[in-house]
Amino acid sequence: MLAALVLVAAGSPAATAQGGDQPPAPGTERRAEQHSVTLLTGDRVVTGAEGRRVVRIVPAEGRSDLTFSTYRKEGHQYVVPSDAGTRIAAGVLDEKLFDVTELVRSGFDDAHRATLPLLVTFSGETGPAALENAPGATVGRSLASIDGVAVAADKSSVNRLWTGITTDDARALAGGLEKVWLDARYHAALDQSVPQIGAPEVWDSGYTGEGTTIAVLDSGVDESHPDLAGRQLAQRNFSQSPTIDDRHGHGTHVASIALGSGAASDGTYTGVAHGAEYLDGKVLNDDGNGLLSGIIAGMEWASAERGADIVNMSITSYNAPGVQPMEEAVNTLSADHGTLFVVAAGNEGPGPASIRSPGSARAALTVGAVNDDDELARFSSRGPLPSRRTLKPDLTAPGVAIMAALSSDAPGGDPGEENYSLRSGTSMATPHVAGTAALALQQHPDFSHDQLKRLLTGSTVPSAGLTVFQQGSGRVDAARAATQPLLPGSEEIDFGVQRWPHAGEEPARRTLSYTNMTDSDVTVEFRAEARGPDGEPAPGGLFTTSAPRLTVPAGETAAVTVLGDVTAVDAPGYYTGTIVADTGESTVRTPVAVYREQESYDLTLRHLGADGEPTTHHRTEIVDVDSGEVYSPEGANGTATVRLPVGEYVLHSNITGRTGEPPNEYLLAYPHLTFDGAQTVTLDARRAEPVRVSPPNPEATAVFGEVQYVRTDVDMDIPFGVVTYGGPLDRIHTAHLGPRLSRDQLRSLVNTQWTASSGDEFYGLAWYRYGQVPTGFTRDVGRRDVAKVRVRYGAPEEGVAHAAGAAPSPHGTAGRQGGSTLVDISVPATRTEFYNSGEGTVDWNRYLHMEEVGSPLPLPLGHLYAPPRQYQPPRQYRESFNHAVFSPVLPRTSQPDRWVVRDGNTITIDAPLFGDGAGNWGRSATVPSAYTRLFQGRVLIGQEDDPGRGTFTVPPDEADYRLTTEARRVPAFGLSTRVAATWTFRSARTDEPTRLPLSTVRYFAPLDDRGTAPAGVPFLVPVALQKQASPRLSPAHRLSAEVSYDSGESWSSARVIGNSLLVLRHPEDADTVSLRVSAADADGNTVEETIIDAYRLR
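Positions -17 to -1, 1 to 1081 (mature numbering (1 follows the signal peptide of the UniProt record, and there is no 0)) are the ones given, in order, by the sequence shown.
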């Protein structure tokens, strides 16, 4: 998947490795369709469900002339203001501060948190004093290990904080501030497993971990549990939960694996180091989440204050390039206080490069998971680290179906086990290693943290067929560690990247030493185990030693040279293996790796501004078309060099001018760069030409302008481009560099939007082009070049703000929509809108956005979308939005897998339940309760707690199905407060995505803008059936109806004429009318809809 960049101008949590303000507790709230997120800059972003799509950007006061870049990386959506982008590139701002996907996932959106949690690090001696006068900033914990503090930034004034911490230098912060990070959320990631690693044999030798201290930084530890009673040295709460109790259960489970006595099971579930004492640092709240600052504070307490020997951290979060704050804390505390941090690798497998932070820290002993047969768990995170500099994980341990202590304050428990529960994850593997480290430390009390790490990684048992990026050196073995005669001088050997070309290249060399811990000489024979990039055994000669054997005198150290010779192999990629030193009775294992670079060269980029001088005011991305890898080169004085494999690339750069208010933006597109040798590309802003579009009304003001492009022949995530919200359009300049592409390789878009007459007129003017990005663009649009659309907007809600928008999309296709802005509308209202057809290339997708008013942080409530439509100039149209009755609508679409579809044996349901009377489909952003259920006959296939959504696997044979869904809306809507629908149909396995035979009932009640009808009179409601994805309406084959005047408390039959007309008599004293309609089509498929409070009476 290719990441991409769009510039827009305006007018983590971490989880347990088990798989202030709190995020919503499970079950208290259904998935929101939209979220509002306030950024550090004060700008507000409205996103779609899960924070993956940008719906709207609302600049903070005084920031309407800035630009924003929107892009995706690894499935996360980022929105970066232009005055933050260069600071991210300079390393003084954490990119996660602008990761709206992570902000939503972490519960940092505006619905759940009034402050933005930050972590600020300092340079020099200024320290927290640099924040003394920062408005809206509450300084919290001081974190000495990273020279930083936690800060809670009030979202209502965070834009003033941003002004206070920035300077005129676009690549720096105010004096004394080194970097601002997101105070991200981290999540919590024995009867067979303990013998599996040989612990009982160590106990028999007299070692139980006695005299050692293990700190368990987790969700708390239940000290009243029989397995953990009497050995707790201290406890402290660093979480956002009010008590120290383990109400999640993760921490108690983890602690008992490491050091539980097994008292509640007569020794069956005894932990690895049952003689050790422990510290209980509660760093995760009762939902298993913890803030970065709280976890680092817990690390400092355990290591620097309490002097823990070993710290168990079954905690993970997203791993970004560079050294993150928690990784820095691991490295610093390890070096300064000799603490061994044993950390979960994460549960993001089976893909490569999935190690989570802080397991990516260099000093961490990072643990993957295996099952009881020493087979790698599918979920266990794999290496390498993105930096290609560190081998991870270090080793593995049992982590599948581990029975351990259950907190008395936590839910759950395994059947028949009152005091124990079964869990899986690298969380469970990690304490096996922490306990083993305690056993080894009791045996070697003078060992440093680094020596413990080398002892454990050197004495493992390998799992067959795995690479070191999957298992490190192998599965931990306490018995081998206890009897190991030699201590390796390194836990790994990483030869790094061996650059192309390789002919005549000398082998890389590293020294590997061994210390003899016995009173007799030890001789070892060396052998190398190696695997290639495909995981298969590599040819001999890749990894060798300078001598076939080595004798290490008693109590002394001897060394051998290890050679890595990439000329022994042909294919590029990672080669990994193990140097095995075999004594005849034991083996010492040292992982080794080298990257054999494919044919690669240096690409040099020169960035020149509009004045022809070098500029650093740019954001440039290079995307490998085949692999999707993204490179973001930075360099001094506008010149950057990046090493690239030969291949095809998309090169994109946005250069911002250094003068003007606002400055010009220069989009330089090189969509097809063939890279087959060292070369220099000059990205010269002077080659770009301005975009000039004139609407029919010369008084109209531009509110949105965009140029974007996308490679359509590869899997691109979002387009590249530049966008402006307000300001003159000709500030955008564009240029196509390099060869022109074919029509089916590239699509570009020029998209402009305007308002006039105080917002009562709207103009949407857009054009698609194929094969190239326009170098400048000029259009004078006349009255006969646009269609006139009179749109009536209803107002059935109370206390709700409305804004309308329209986005272009390629005509007649399912291609991605262009961008848009939202224009506020005071409903009820009629607005005149004008749209062009882009010379036959454009469909328009109109929508209405609704959000709460009266709150300092407006929250999205819902939205309505019209099916895409091409308007034909100079025709005139009349349309409506937001008029009752609100009910399920599955309208026309060009997307074959939209709405309710079967593909093979999978039925995917995406049924919007709150479309309006005109057939625009709609959703509520948040629903208090909802469900979707699929039955085969009377058998429940599955259920989801989402409104009209679900994915279910079904048997292949043809069968009868029943789909039922229901959702309640928040009180602000007033109408269609509860909507339920049930469909029946027959279905069998399909060979391709196929729409299922569902229809919806359409209601054409003659209501006013408020959704009101007269009381005390007869009333006719025309109805029709609409098959999903079809524009056609038809009478039902049969139809019956019921009506309720007390919001569904009681029902009575309604008269039906011709299966298409409901005849009602409204009482004088009712407030609303509810409808229940059952219908069937000619093929016997049925639908039943219940609309509570469908419309009002007056």
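Heads up, the beta-carbon is just placed ideally off N, CA and C, and yes, glycines get one too.
Nearest to residue i (by Cα), restricted to the options the options
i	options	result
Tyr854	Thr84, Ala789 and Leu805	Ala789
Thr695	Thr622, Gly709, Pro793 and Asp763	Pro793
Gly192	Leu729, Ala417 and Arg1021	Ala417
Pro183	Leu160, His257, Lys138 and Glu115	His257
Gly350	Ala117, Val451 and Ser317	According to the sequence provided, residue 350 is Val. The question's Gly does not apply to it. Of the candidates Ala117, Val451 and Ser317, the one whose C-alpha sits nearest the C-alpha of Val350 is Val451.
Leu76	Thr738, Ser677, Leu23 and Arg579	Leu23
Gly25	Val141, Gly213 and Leu99	Val141
Trp737	Pro679, Pro757 and Thr761	Pro679
Ser1057	Asp1064, Pro1050, Leu1045 and Ile1074	Ile1074
Gly479	Pro369, Ala157 and Arg230	Pro369
Gly472	Leu495, Thr934 and Pro484	Leu495
Ala623	Arg602, Gly630 and Arg641	Arg602
Terminal residues of the beta strand (DSSP E) in which residue i lies
i	result
residue 1120	Because the chain is modelled from -17 through 1081, residue 1120 falls outside the range shown and cannot be assessed.
Glu949	Ala942 to Arg951
Pro414	No beta strand (DSSP E) contains Pro414, which is instead part of the alpha helix (DSSP H) from Thr409 to Gln426.
Leu1008	Pro1001 to Lys1010
residue 1159	No information on residue 1159 is available, as it lies outside the stretch -17 to 1081 that the chain covers here.
Asp319	Where Asp319 is concerned, there is no enclosing beta strand (DSSP E), although the alpha helix (DSSP H) it sits in stretches over Pro308 to His320.
His785	Val783 to Pro793
Gly31	Arg27 to Gly31
Backbone CA spacing between residue i and residue j [nearest angstrom]
i	j	result
Pro9	Ala1053	Summary for Pro9: the model assigns pLDDT 29, below 50, so the residue's position carries little reliability; its value from the coordinates is reported in the next sentence. Looking at the two C-alpha atoms, the distance is approximately 38 Å.
Val705	Val38	16 Å
Leu627	Leu274	37 Å
Val545	Thr440	18 Å
Asp713	Tyr753	22 Å
Ala576	Arg510	15 Å
Arg906	Met833	10 Å
Asp667	Gln755	18 Å
Ser1061	Glu1071	4 Å
Gly34	Ala541	56 Å
Asp4	Ala171	Bear in mind that a pLDDT of 35 at Asp4, under 50, signals an unreliable position, so the model cannot answer this.
Pro522	Thr534	27 Å
Ser176	Pro376	19 Å
Leu316	Glu206	27 Å
Gly131	Asn220	20 Å
Ala291	Glu400	32 Å
Glu12	Pro100	Low confidence applies to Glu12: its pLDDT is 39, below 50, so where it sits in the model is not reliable enough to give any reading.
Short Cβ contact (8 Å threshold) for residue i with residue j
i	j	result
Leu842	Leu831	no
Gly408	Arg365	no
Gly920	Asp943	yes
Tyr653	Val868	no
Pro811	Ala778	yes
Ala120	Ala136	yes
Glu283	Leu126	yes
Val543	Ala530	yes
Val872	Arg978	no
Gly455	Pro574	yes
Ile180	Ala380	yes
Val1004	Leu896	no
Gly742	Val806	yes
Glu474	Arg437	yes
Asn354	Val383	yes
Gly271	Ser202	yes
Residue i, enclosing alpha helix (DSSP H) - first and last residue
i	result
Gln434	His432 to Gly441
Gln179	Ser176 to Gln179
His1020	Segment: none, His1020 is in no alpha helix (DSSP H) and carries neither H nor E.
Sufficient close CB pairs (3 or more, under 8 Å) joining the stretch 381 to 396 to the stretch 233 to 253: Yes: the two stretches touch, three or more of their Cβ pairs being nearer than 8 Å.
Between the stretch 1007 to 1025 and the stretch 978 to 989, can you find at least three pairs of beta-carbon atoms closer than 8 Å? As far as the Cβ criterion goes, the stretch 978 to 989 touches the stretch 1007 to 1025, which means the pair count is three or higher.
Any 3 or more C-beta pairs closer than 8 Å across the stretch 79 to 97 and the stretch 253 to 269: The stretch 79 to 97, when compared against the stretch 253 to 269, does not touch it at the 8 Å Cβ threshold.
Answer yes if the stretch 579 to 595 comes into contact with the stretch 51 to 59, meaning at least three C-beta pairs across the two stretches below 8 Å, and no otherwise. Remark: fewer than three beta-carbon pairs, one from each stretch, lie closer than 8 Å, so the stretch 51 to 59 and the stretch 579 to 595 are not flagged as touching.
Does the stretch 929 to 940 come close enough to the stretch 874 to 890 to have 3 or more Cβ pairs within less than 8 Å? Yes, the stretch 929 to 940 touches the stretch 874 to 890.
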